[in-house]
Every structure is written in structure tokens, then in C-alpha cells.
Amino acid sequence: MAKVAQRSEPAETEREELISGSEAIAVACKLADVDVITAYPIRPYDTVMQYVARLVANGELDCEYIVAESEHSQFEIVKHASAAGARVFCGSSGVGWMYAFEALTVTPALRIPLVAMVGNRALDDPGAFGVEHNDALAVRDLGWLLVWVDTAQEALDTALIAWRVAEDRRVFLPCAIGCDGAFLTHSQSIVRVPPSSWVRQFLPPYNRGDLLLHPDNPITVAPQVNEDWLMELRKHNDEAMTRARQVLREAYTDFERIFGRTYGNPFFEEYQTEDAEVVLVGMGTLSMPVKVAVRQMRQQGLQVGFVRLRWFRPFPTQELAATLSRFRAVGVIDRDYSFGSPHSSGVLANEIRAALYSAPARPPLVAFICGLGGREVTVPNVREMTELVRRAAAGEPVESTYWIGIRQ
Amino acid sequence: MAEAIATTPLPTLEPFKGVKKVPLGEYFTSGHRTCQGCESALVMRLMVKAAGPRTIVLGSTGCMYVANTTYYSTSWVVPWMHTQLGSSGSAGLGTAAALRALMRKGKLPTEPINVIAFCGDGGGADMGLSAISAALTHTEYNFLILLYDNESYANTDIQLSGLTPYGAHTTFSPPGTAKRILHQRWKKNVAGMLAAGHPSCRYVATVCASYAVEMMNRVRKALSIGGPTFIHSLDPCPKGWDYDPMLSHELGELAVECGIWPLYEVEDHKLKLYGRTKGIAQGRSKRRPVRDYLVRQGRFAHFTDDDIDYFQAKVDEMWERWIIPGVIPFASEITNGRSPD
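From first to last, the protein sequence lines are chains S and V.
First residue of the first sequence? That's 3 in the working numbering, and the numbers climb one at a time after it.
First residue of the second sequence? That's 1190 in the working numbering, and the numbers climb one at a time after it.
See the structure below:
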């Protein structure tokens, strides 16, 4: 890693640790010197707070650690702490995230750079603990930055990037990090943990500036504006979301310079796409079975690739449209579902269809609903989906949406 | 890094000794749109006057949000932030936690900063109750939650709340031909519940702005005692209660004199009746009949003599059969005739 020489304190190095995705984010809280953290239990997100609690108990993380009495309170506590100048962290899963929904709604509107972890989980009823993306996707229209990670390493790195982008004065929006329940939150892998001195170079202190709620700065936050100003304020939030694209790119460039780890295109990862004829698109830990299946199919001579989307908000419309236009057909795998939506498909498929509308070339798109509620996405599932995309590429008639791996 | 502190420093707020000693400075001033005779606006003004300029106020949704923070004409001189209807507890807690973290870590200068979160009866006694209850258990943070109780959801058209008195006419409980009394529930005893249920909370009080200096001194004590504290204020509301706005103060006094609104404070678990309530409890003055209070308000205009008698009987019970008159419920029969130690 040639970049190492640029670090101001080369004596310090990363440590390798065997930790889970949740633990990786707890470690990021420590590295980022978070000031106020609130916890409330729900599986699978609560594992992050178990690690946070241990760090606090052992004196490794100096923060106000508050166990709240509900998700709603949890998110309101950190919202107000952030307004008073504290770096904050919080999170939830499934219906717990929905219980906080009122607080989630006002957080971007108040320009609060809260970083939250969503341990993605199916929404009740009936109860299911496994991964489904509908919980986090529910905030897609509210002004949250929204990212999905794939590995514990990416979880740690993305959390640091999330604070950097969210707390940038040009953005000041909350960021939710989607971590697939169980598959990522509970699975351990080797993670390179950077020293805090590197993190300090990357992540400046949170400065709320003239928006700080303090007696020296006697502002009134969220007065009633009604029809006089609401449209302008919504537009401001949208401009912040637009600026986040550039701030994100800068953050990833700096991240590579300081930590020596590169993520290439910040918005999505391309896997074996160079000469691919068809690709599958998905988010999160879906990549594991899909990548295995792609490697197997490649050995059989099938030119198939995979695009894993990281940043869902802001949505990388131009970049994704340019990339996906290269292929003869696209299959989108949703770990979520949007009832009554166009083509009866998932949220991601709808977004990608919309992104492709103005693309120079519009490949046929096949939507797949797969792996809901934590059901395993198997290699045969991926082969089945690939076959349907290949048929679409060959011009054969296919349906717009398929439920894969479902009992008939 | 700043010197480690156990909690944020507390202000020294001596009680005002008489109305002439109250400073003239105002931190809740012109610009609000409250109704004529609005006691809640007075409560806001006295509350922040008692606290002084080094104060952050958090306001949950309610008429004191809608009427006081119109963009371009906010009436708050101190920093003020809106919080959700059920979140006064969370707002106070989060703000106090941020101050504690930032001061401890040397990211903010260490100094006493008052944190006051207020809520109406709807936000405080209905959906926000669990958050207030939780907040009162976090003893390491200094903040005050003030419940301004005008006994209805007054900003949305006067709907009944968990603190609306028995039988009151609201838009959710109009007197009708089949049911003259649609709202049959008795008002919750919020301050008593919070005082009894949160043994680590050092200060809970009831106040009435008709007794302004006493009210301000309760706010000063709550802010300077340390930890989370709670004050419940009864606020006559000309619009919701349907009376001539000039009678606001008088109705507050009547609520106390009729024994409907006992004034008390629980300081370090020691309960103390004060003001007119103390005089009633000690037999120095008599409770006035509740009729005097009820007949002045349009919201009870549909009451018959029987209804007034029922109301009187409930208030009598509160004074004659409760363990602590007007404060701690349950008939003395439950304790087998023993008075509490």
C-alpha cells in the first residue's frame, strides 16, 4: 500500500480483529469519539448496543450511554443531543424502526446528522427475525442518506464515512446504515481496525456552527412556517441531498488516502462485469451467494456479472444508468417488496427502472423477489434468476417480476 | 480536556422574596399569538423568567408551540427547539446528555445551563408519559419537565385529554341527547404518580400561575436541586373552558380554593402542601364548594345539580379518604385505618 507513506503517524498500524458486523460499528463509535448513544432492544440491531455497552463499561468509549424506554424516545434523545452539538449514534430494526418513525421523519427536516444502524429485519406481523429491507427503505422519501454494507469491514469503514458526510456543513442530513440482520450483524470476519489517530485525520470534530442550540446562540429551531416557507425548506433539504453526492466522493477519496483501503466507485461495486452480457443487481449480503454463483456460471462460459448497490440515497442515477446500459439485460433482486407497485415489484427494481428511463440504451429489466424474512438465497436461486435474465436478453418473453424460491 | 465533572454544574437560584424582587428582564416576550387571557403564555413567561438567560427551552407540540413560534415572530429570547408531541422527556434528556458529554470532554465550556422541556396535558399525560417517566429515572442529567395543563388538546379544537375533568364539554365529548356526560373518566393524578413512581427524582411540584411568585420559586428550586425534575401547572384556558378571559386568574385561584387543584411539592421524598392548599389542610380556611368553580365555565354548562354533587363528592373523597389529602390516593381503609408514617 503505497499510500501509507502519506500518513502523518506511520508508526501506528491497523490491527486485525475477528468481529461481527455489529461489533465493527460499535468499534467505529469508539474511533469516532461519539458523545451520546441511545439503546433500546430489538433483534438483530441490539447486538451493536451490547458491544457499545461493553466498551462503555470498560472505559474504552467515553459517551453518554442512555438506555431509552422506546425507539421513539431513543431517536428523539439523540436528535436533541445532536442539536446541542453532540456526535450521536443510534439504531433499530424492523418494527422498532417503524415505532420511531415520527422521530425519523423530523430528523432530516431539522438537519440533524445522526448516524443510525438498521439491522434489517422483516416487518411484523407475523413475527420474523430475518433480513428484509423494507424497514430501512421506509425512510427513502424522508431525506435520509441510506447505504447498505456487505461485510464487517465495510460496516466499520462506512460508519466513519457516514459521520464524515452527514456532519459536513454542506449536508447535515442523517444517515442510516443498512446491515442485513443475522447475515452481517451476527457473522464474524477478520476486520482491519484503524488507529484512532488515522480516524482523527479523516473525521473532523462535529461543528454545528450557527445551528447550535446554546444560550450563546439563541435560535428558535423548527418554528411554524406553514405554507409561507415549507416548500423552500424542502428544497433546501433536497439541495443538501444533491450536494451529498460530491461530499461522498470526497470522503471516499480521503478515506483511501488515509486508510489505504479503496472502494473504487463509492456508489456501487461491480463484480465480473467487464465482459458480462447480463448482470444481476442487489444490495447487502446478497452478494455472497450471487458472487459464488457468478464464479460457477463463468466456469461454464456464461458471461454474467453482478452490481452491488451501496448508496441508495442519494441514488446514483447517472452512474447506474451508464453502467447498466452496457448490458443486454438486467435482473434486479429485491429483499423487499412494494405492494401494488408498478410491475408488482420490489423497491430497488422500481428505482432502477426509473433510473434507466432516460438512459442511452434501456436493457430489458427482470425483477426478482427473493430471500424475504431471512430466507436463504441459494446458488440454484441465482442460477434460476440468471437464466430468466438471459432469456430476456435473447428477446424471449418473460414476466416483469418473479418470486424466487417460494413454495407454490 | 476539561476537569472531569460528575454532572453539569447547577445554577444558584435563590427564591424571589416577594414580587418586587423579581427581575424585570423577559425571555418570553412579544410575538406570540396566544388567546386573550391565556394562562399558559403567562406560565411560559414566568417559567423562563425564573430560569434566566442561560437556559435552553424545548417545547413539545401543542398550543404553546403553535401559538408561540410563528416563523419571523418567535417570542422566545432564549434558544428554543420544537420536539414531538410525546417527546418532552426525551428532548430534556437528550439536550442535558449532550451538555454533560460536551462539558466533560472539554468540547463546551463548563457552566450551568438550565434545560427545560415543556409539554401540554395531551403530550404529558397521554402519549408522552412513558418518555417523561423514563427521563425522570436518569438522575445524572439536570433538566426540568414542565407540564402546562389546560385540560384539553387546545391547539386542535379543544379535544379531551387524559387530564380533562369529568364531564367537561369538549369537541370529543359534547353533551348530547342520549348521553349528557360523554366523558366519564376522572383526571389522572400525574404529579402524584410521577413523585411516587420515581424514588430517585428529587423534586416534583404542582403550581398555579395565579400565585406567580410561588410558581416561579418552584421552577427555581426544580432547576437548582439537581437531576431530572417535574412540575405540573394548572392553566385556565378561556377558549377551552369557555369563560370571559378576564377571569383566568380567578379560575386558577378557585381551582385551588375548591380543593380541585392542590398545591404541593415533593422535595427529596418529603411532601409539603403550600399556599392556600396548606391552609385548607390545616383547617385555617375552608374549601369552597366546587359549584363556584364549575358554574363560571361554559364547558360545564350542561351539568345538573346531580352532576355537581357527584363532582363535589369526588373532590371530598380526595380530601377526606385519601392517605394524603388531595395528593396520595387510596382510601385509608386500605391501610386498615392506619395513617402513613
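For each residue, glycine too, the CB sits at the ideal point set by N, CA and C.
Contact criterion: CB-CB distance below 8 Å. Does A1314 (chain V) meet it with respect to chain S?
So no, A1314 (chain V) is outside the interface.
The segment 60 to 93 of chain S: positions lying closer than 7 Å to chain V by Cβ:
Flagged, chain order: D64, C65, E66, I68, A70, E71, S72, H74, S75, E78, I79, V80, K81, H82, A83, A85, A86, G87 and A88.
Do L106 (chain S) and F77 (chain S) have their CB atoms nearer than 8 Å?
Going by C-beta atoms, L106 (chain S) is nearer than 8 Å to F77 (chain S).
Please check if any C-beta of chain V sits within less than 8 Å of the C-beta of D37 (chain S).
Closer than 8 Å: yes.
Under 8 Å between C-beta atoms, does G1278 (chain V) make it to chain S?
It does: the Cβ of G1278 (chain V) has a partner Cβ on chain S nearer than 8 Å.
Can you give the Cα-Cα distance for A395 (chain S) and G373 (chain S), rounded to whole angstroms?
Approximately 24 Å between the Cα atoms of the pair.
C31 (chain S), enclosing alpha helix (DSSP H) - first and last residue
It spans G23 to L33 - the alpha helix (DSSP H) in which C31 (chain S) sits, taken as one unbroken run.
Look at the Cβ atom of V368 (chain S), then the Cβ atom of A331 (chain S), and state whether they are nearer than 8 Å.
Their beta carbons are under 8 Å apart, which means V368 (chain S) touches A331 (chain S) by this criterion.
Quick check on DSSP: helix, strand or coil for P1363 (chain V)?
In this structure, DSSP gives P1363 (chain V) a state outside helix and strand, which the three-state scheme calls coil.
Quick one: which unbroken beta strand (DSSP E) runs of 3-plus residues sit fully inside the segment 300 to 352 of chain S? Chain order, please.
Those beta strand (DSSP E) runs which fall completely within the segment 300 to 352 of chain S and span 3+ residues are 306 to 311, 313 to 315 and 331 to 336.
So what's N1322 (chain V) in DSSP terms, helix, strand or just coil?
In the sequence as presented, Asn is not what sits at residue 1322 (chain V); that position holds Ser. The three-state reading of DSSP puts S1322 (chain V) in helix, counting H, G and I together.
Under three-state DSSP, which class holds E1192 (chain V)?
With a pLDDT of 49 at E1192 (chain V), under the threshold of 50, the modelled position of this residue cannot be trusted; read the value that follows with caution. Note: E1192 (chain V) maps to coil in three-state DSSP.
The alpha helix (DSSP H) that contains A59 (chain S), what's its start and end?
Start and end: D48 to A59.
Can you list the residues of chain S that M1382 (chain V) reaches, using a CB-CB cut of under 7 Å?
Within chain S, no residue comes near M1382 (chain V); the closest Cβ sits about 15 Å away, beyond 7 Å.
Residue(s) in a DSSP beta bridge with M1270 (chain V):
In the DSSP output, where bridge partners are listed per residue, M1270 (chain V) has S:V223 and V:L1247.
If distances are taken between C-alpha atoms only, which option among S:A361, S:T244 and S:M299 comes closest to Q320 (chain S)?
Nearest Cα to Q320 (chain S) within the set S:A361, S:T244 and S:M299: S:A361.
Thinking N383 (chain S) and I408 (chain S) are a contact (beta carbons under 8 Å), I'd like their distance in whole angstroms, please.
Contact between N383 (chain S) and I408 (chain S) does not hold, since their C-beta atoms are separated by about 10 Å, which reaches or exceeds 8 Å.
Under 7 Å from the C-beta of H238 (chain S): neighbouring residues of chain V
By Cβ distance, chain V contributes nothing, its closest Cβ being about 14 Å from H238 (chain S), past 7 Å.
Taking the C-alpha atoms as reference points, what is the distance between T15 (chain S) and A154 (chain S)?
For T15 (chain S) and A154 (chain S), the distance between alpha carbons rounds to 19 Å.
Can you name the start and end residues of the alpha helix (DSSP H) that L1288 (chain V) belongs to?
Counting along the chain, the unbroken alpha helix (DSSP H) around L1288 (chain V) starts and ends at S1277 to R1293.
When V:N1406, V:H1421, V:G1415 and V:K1410 are compared against V1531 (chain V), the one with the closest alpha-carbon
With chain V covering only 1190 through 1530, there is no way to say anything about residue 1531 (chain V).
Using CA atoms only, rank isn't needed, just tell me which of V:G1468, V:S1474, V:F1500 and V:K1461 is closest to R1480 (chain V).
That would be V:F1500, whose Cα lies nearest to the Cα of R1480 (chain V).
I'd like the span of the beta strand (DSSP E) that includes L186 (chain S), first residue to last.
No beta strand (DSSP E) contains L186 (chain S), which DSSP labels as neither H nor E.
Taking 8 Å as the cut-off, decide whether the C-beta atoms of A1411 (chain V) and A1394 (chain V) are in contact.
Result yes, Cβ atoms of A1411 (chain V) and A1394 (chain V) sit closer than 8 Å.
DSSP three-state call for N383 (chain S): helix, strand or coil?
It is helical.
Any 3 or more C-beta pairs closer than 8 Å across the segment 193 to 202 of chain S and the segment 243 to 257 of chain S:
With the rule of 3 Cβ pairs closer than 8 Å, the segment 193 to 202 of chain S does not count as touching the segment 243 to 257 of chain S.
How about G1281 (chain V) and V1304 (chain V): do their beta carbons lie closer than 8 Å?
Between G1281 (chain V) and V1304 (chain V), the CB-CB gap stays under 8 Å.
Taking the alpha carbon of R263 (chain S) as the point to measure from, which residue in S:F270, S:E271, S:A59 and S:Y254 has its own alpha carbon closest?
Minimum Cα-Cα distance from R263 (chain S) among the listed residues S:F270, S:E271, S:A59 and S:Y254 corresponds to S:Y254.
Supposed contact pair T187 (chain S) and Y47 (chain S) - C-beta distance, whole angstroms, cut 8 Å:
By a beta-carbon distance limit of 8 Å, Y47 (chain S) contacts T187 (chain S). Their separation comes to about 7 Å.
For a contact meaning CB atoms closer than 9 Å, what does H1271 (chain V) contact in chain S?
From the beta-carbon of H1271 (chain V), the residues of chain S found nearer than 9 Å are V108, L112, T222, V223, A224, P225 and Q226.
Counting only beta-carbon atoms, is H216 (chain S) nearer than 8 Å to chain V?
Chain V contact via Cβ: present.
Close Cβ partners of A102 (chain S) (< 7 Å) along its chain, the five nearest in sequence each way excluded:
Taken in chain order, the residues that qualify are E73, H74, Q76, F77 and S94.
Go ahead and pull the three-state DSSP assignment for F270 (chain S).
F270 (chain S): strand per DSSP, three-state reduction.
According to DSSP, which residues form a beta bridge with M119 (chain S)?
Beta-bridge partners assigned by DSSP to M119 (chain S): S:G93 and S:I179.
Looking only at its chain, what residues have a beta carbon closer than 7 Å to the beta carbon of S1276 (chain V), apart from the 5 residues adjacent to it on each side?
Cβ within range, chain order: S1249, G1317 and A1320.
Which bits of chain S does G1251 (chain V) rub up against, with CB to CB less than 9 Å?
Going along chain S, no residue has its Cβ under 9 Å from G1251 (chain V), so there is no contact; the nearest lies around 12 Å.
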